[in-house]
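From first to last, the protein sequence lines stand for chains A and E. No gaps in the numbering here: position 256 of the first sequence is 256 in the numbering used here, and each next residue is one more. No gaps in the numbering here: position 244 of the second sequence is 516 in the numbering used here, and each next residue is one more. Think of the CB as a built atom: it goes at the ideal place given N, C-alpha and C, for glycine as much as any other residue. A short worksheet on the structure shown next.
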Amino acid sequence: MRIARTAQYALLIVLGVIMVGPLYWLLSSSLKDPSQIYTWPPVWIPTNIRPANYSDAWNSAPFADFYINSIITTFAGSAIEIANAVLTAYAFTFLRFPGKRVLFVVLLGAMMVPGHVTLLPNYLTVSELGWINTYQGIIIPGVASAFGAFLLRQHMLTLPGALIEAARIDGAGHLRTMWSVVLPMSRPMLITVGIVSLVGKWNDFIWPLIVTNTASMRTLPVGLLLLKNQEGYTNWGAVMAAAMFVVVPVLVVFFLAQRHIVTGLTQGAVKG
Amino acid sequence: MTTTGVAPPPVSRGASPGTGGARRRLRREHLMFLAFVAPNFLFIVVFSYWPVIYNAYLSLTDWDMISPIKNFVGLDNYVDMFTSLGFADVLLTTVYFTVGVVGGSMLLGLGIALLLNLKLRGRTFVRTMVFAPHVLSGAAVGLVWAFIFDPNYGLSRVFFSAVGSASPAWLTDSDWALPAVIIVYLWKNTGFAAIVYLAGLQNMPKDVYESAALDGSGPWTTFRRFTLPLLSPVTFFLVVTSTIGSFQAFDVIALTTGGGPGDATTVLSWFVYDSGFRSFQAGPAGASSIVMFGILLTITLLQTRYLERKVHYK
Numbered sequence: 001m002r003i004a005r006t007a008q009y010a011l012l013i014v015l016g017v018i019m020v021g022p023l024y025w026l027l028s029s030s031l032k033d034p035s036q037i038y039t040w041p042p043v044w045i046p047t048n049i050r051p052a053n054y055s056d057a058w059n060s061a062p063f064a065d066f067y068i069n070s071i072i073t074t075f076a077g078s079a080i081e082i083a084n085a086v087l088t089a090y091a092f093t094f095l096r097f098p099g100k101r102v103l104f105v106v107l108l109g110a111m112m113v114p115g116h117v118t119l120l121p122n123y124l125t126v127s128e129l130g131w132i133n134t135y136q137g138i139i140i141p142g143v144a145s146a147f148g149a150f151l152l153r154q155h156m157l158t159l160p161g162a163l164i165e166a167a168r169i170d171g172a173g174h175l176r177t178m179w180s181v182v183l184p185m186s187r188p189m190l191i192t193v194g195i196v197s198l199v200g201k202w203n204d205f206i207w208p209l210i211v212t213n214t215a216s217m218r219t220l221p222v223g224l225l226l227l228k229n230q231e232g233y234t235n236w237g238a239v240m241a242a243a244m245f246v247v248v249p250v251l252v253v254f255f256l257a258q259r260h261i262v263t264g265l266t267q268g269a270v271k272g
Numbered sequence: 273m274t275t276t277g278v279a280p281p282p283v284s285r286g287a288s289p290g291t292g293g294a295r296r297r298l299r300r301e302h303l304m305f306l307a308f309v310a311p312n313f314l315f316i317v318v319f320s321y322w323p324v325i326y327n328a329y330l331s332l333t334d335w336d337m338i339s340p341i342k343n344f345v346g347l348d349n350y351v352d353m354f355t356s357l358g359f360a361d362v363l364l365t366t367v368y369f370t371v372g373v374v375g376g377s378m379l380l381g382l383g384i385a386l387l388l389n390l391k392l393r394g395r396t397f398v399r400t401m402v403f404a405p406h407v408l409s410g411a412a413v414g415l416v417w418a419f420i421f422d423p424n425y426g427l428s429r430v431f432f433s434a435v436g437s438a439s440p441a442w443l444t445d446s447d448w449a450l451p452a453v454i455i456v457y458l459w460k461n462t463g464f465a466a467i468v469y470l471a472g473l474q475n476m477p478k479d480v481y482e483s484a485a486l487d488g489s490g491p492w493t494t495f496r497r498f499t500l501p502l503l504s505p506v507t508f509f510l511v512v513t514s515t516i517g518s519f520q521a522f523d524v525i526a527l528t529t530g531g532g533p534g535d536a537t538t539v540l541s542w543f544v545y546d547s548g549f550r551s552f553q554a555g556p557a558g559a560s561s562i563v564m565f566g567i568l569l570t571i572t573l574l575q576t577r578y579l580e581r582k583v584h585y586k
């Protein structure tokens with residue numbers, strides 16, 4: 001029994017090291033000066049801290065632009081996506097419409113279309129609209145919500161009907177009922193849907209890569225590719241600092257809201 | 273699906289058949305429904321459904337993405353693809369990659385879930401760290417691992433010198449590049465499988481284990497005869513979602529190998545991008561997109577069929 005316990009703890013520690021190791025390596029390398037990066041045996045804890053890696057990275061490409069572009073496209077995109085999810089979920093839960101079931105299947109069917117399959121046609125559509133290299137070009141093709149709308153609807157179906165009826169009898173219209181009764185009661189699910197959307201858009205890589213063509217319109221992940229192509233893998237300290245720019249905001253959100261992220265991403269697996 | 277929701281107020285047909293007020297209210301509700309869902313459906317149709325149709329059309333042309341004329345060439349693109357060794361290699365690489373990432377992350381994920389399901393100190397921290405890479409940008413993760421794989425200054429050398437050998441040049445050696453990319457995606461994705469399996473384990477009915485214990489079945493038998501079968505819906509959910517995910521793997525590859533060296537890491541998703549956005553051949557790009565769509569749709573439908581049958585026989 002003792003031996004089994006020890007083995008279990010050993011495995012747990014190995015697992016922890018494998019998962020944390022690369023992140024620690026990222027952080028520590030981003031702070032090392034070249035004498036501690038290009039050396040053998042490796043330096044585990046940097047002593048010659050070099051914050052200049054961060055300014056080097058920041059100045060090696062228009063990272064200020066990348067940041068602004070990422071923030072704008074992420075927040076605007078998520079706001080529209082969440083609005084779509086909320087309106088769709090409310091309509092499918094509380095409003096009558098002939099053929100609602102069929103429409104719901106059409107909605108969920110969209111989840112079966114892999115994003116990669118839409119790349120080329122969406123590029124052509126966006127260029128037809130004259131939206132190449134614009135914010136709306138980056139944002140709009142990603143604002144539909146099928147899974148988020150589905151999750152919210154599942155949640156709204158569980159809300160006590162008496163409350164909604166009471167609001168209606170009190171003379172609240174549907175917009176009012178949605179805003180003051182349904183949404184406050186859906187807060188946990190809204191946070192979940194919102195965070196999953198934000199993280200997805202922040203990390204999105206291939207679409208912004210395709211639809212933008214000047215450095216000043218790139219987003220952060222695409223900026224990393226530019227940096228890599230330009231510097232090769234030569235200046236590892238600065239490259240790791242640049243990776244930190246992208247990773248840190250998401251890690252902060254993750255540690256604050258991991259419960260919501262986990263529910264959002266694993267929803268549908270266990271209970272179906 | 274839950275059915276204990278709010279039932280919509282009954283349409284008043286009996287008492288006051290089609291009184292003006294009721295009918296107007298219903299009409300207003302219909303219009304409101306349309307107003308609420310129209311934007312979302314517009315985006316879905318234009319940016320999800322239309323692309324499939326348009327890809328199917330492009331796959332039958334020889335369009336170079338510039339000239340105003342799209343010549344209809346029938347199934348030529350498909351014939352070319354399936355008779356060219358290059359595309360066979362792409363499919364084979366995709367199979368290796370998918371089996372490596374999906375199979376690996378699920379096996380490891382199940383193991384990790386079993387470990388994290390034990391009452392061990394520190395498991396909450398490890399659970400958090402196992403899941404963390406899943407939310408990180410693949411581009412940044414690709415960069416970090418490119419440095420780890422550096423044969424001179426990366427962690428890889430530490431690992432290999434511990435076993436007394438030199439580190440391979442992972443990303444520039446065509447034998448090591450695909451395993452390298454698979455390793456990165458395993459690090460990034462295994463946490464997802466682990467957390468989903470863990471949720472499945474924690475939802476297990478307790479009485480199953482009690483009766484297994486009463487039957488005197490050992491841990492291995494219990495696992496094989498009860499745990500695994502009860503987890504099978506979770507397993508199938510993971511097969512489908514991970515397969516769809518791994519077919520779209522792109523960012524890590526772009527930041528590490530760029531499909532190379534040679535075409536060692538050219539999986540289907542890279543091929544779609546490369547033929548469309550670097551070679552400007554809409555035909556092959558459309559055809560390979562349709563192939564990808566077909567494969568994923570088949571897997572999803574098979575899974576749905578299988579699950580239905582299982583539920584049926586219970």
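Query                                                                                                                   : Result
Chain-ordered chain E contacts of A/W236 [CB-CB under 8 Å]                                                              : F419, D422 and Y425
Local conformation of A/I45 per DSSP, three classes                                                                     : coil
Integer-rounded CB distance, given that E/V402 should sit under 8 Å from E/G463                                         : 4 Å
Cβ-Cβ separation, A/A144 to A/N203 (assumed contact under 8 Å), whole Å                                                 : Rounded, the Cβ-Cβ distance is 18 Å, inconsistent with contact.
Beta-carbon spacing of E/L443, E/T529 below 8 Å                                                                         : yes
Same chain, Cβ closer than 7 Å to A/G264, five either side skipped, listed in chain order                               : T192, V193, I195 and V196
Min CB distance E/N389 to chain A below 8 Å                                                                             : no
Any C-beta of chain A under 8 Å from that of E/F522                                                                     : yes
Proximity test, Cβ basis, 8 Å: A/L26 and chain E                                                                        : yes
Chain-ordered residues of the region 467-484 of chain E with a beta carbon less than 7 Å from chain A                   : I467, V468, A471, G472 and N475
DSSP-derived helix/strand/coil call for E/F549                                                                          : helix
Cβ-based neighbour list, E/D336, same chain, cut-off 8 Å, excluding 5 preceding and 5 following                         : F552, Q553 and A554
Endpoints, alpha helix (DSSP H) assigned at E/Y329                                                                      : W322 to L330
beta-carbon A/K100 near the ligand MN non-hydrogen atom, thresh 7 Å                                                     : Absent from the structure shown: the ligand MN. Ligands present: none.
E/A559 vs E/S331 beta-carbon contact at 8 Å                                                                             : yes
First through last residue of the alpha helix (DSSP H) which encompasses E/S356                                         : That residue, E/S356, is in no alpha helix (DSSP H); it is neither H nor E in DSSP.
CB-CB length for A/A243 against A/A61, believed under 8 Å                                                               : The pair is not a contact, with the Cβ atoms about 13 Å apart (cut-off 8 Å).
Where E/F519 falls, given that 16 or more other Cβ within 10 Å makes a residue buried                                   : buried
Complete runs of the beta strand (DSSP E) confined to the region 185-223 of chain A [at least 3 residues]               : none
Outcome for A/E128 when other beta-carbon atoms lying within 10 angstroms are tallied against a minimum of 16           : exposed
E/P505, enclosing alpha helix (DSSP H) - first and last residue                                                         : L500 to F519
Rounded separation between A/I82 and A/V211 - CA only                                                                   : 23 Å
Integer Cβ distance of E/P533 from A/M19, believed to fall under 8 Å                                                    : Wrong, their Cβ atoms sit about 29 Å apart, outside the cutoff.
Reduced DSSP category for E/K342 - H, G, I as helix; E, B as strand; rest coil                                          : coil
Chain-ordered neighbours of A/H260 on chain E, where CB pairs are closer than 9 Å                                       : Near A/H260 there are no residues of chain E at all, since even the closest Cβ is about 11 Å away, more than 9 Å.
8 Å Cβ cutoff, E/V309 in contact with chain A                                                                           : yes
C-beta neighbour in chain E for A/G272, strict 8 Å                                                                      : For A/G272, the pLDDT reaches just 43, beneath the cut-off of 50, and the residue's location in the model is therefore unreliable, although a value from the coordinates is still provided. Judged by the 8 Å Cβ criterion, A/G272 is in contact with chain E.
Contact under 8 Å by Cβ, E/G548 with A/L119                                                                             : yes
Residues in the region 446-466 of chain E having any Cβ partner in chain A nearer than 8 Å                              : W459, G463 and F464
N- and C-terminal bounds of the alpha helix (DSSP H) containing A/W300                                                  : Lying before the first or after the last residue shown, residue 300 of chain A is absent from chain A, which here runs from 1 to 272.
Backbone secondary structure at A/I140 - three-state DSSP                                                               : helix
Under the three-state DSSP convention, the category A/T73 falls into                                                    : helix
4-residue-minimum alpha helix (DSSP H) runs that sit fully inside the region 93-174 of chain A, ordered along the chain : 100-109, 115-128, 135-139, 147-156 and 161-169
At least three beta-carbon pairs within less than 8 Å, the region 217-231 of chain A to the region 409-425 of chain E   : yes
Option nearest A/A10 by Cα separation, candidates E/V324, E/R393, E/H302 and E/S356                                     : E/R393
Contact the region 306-320 of chain E vs the region 89-97 of chain A: 3+ CB pairs below 8 Å                             : yes
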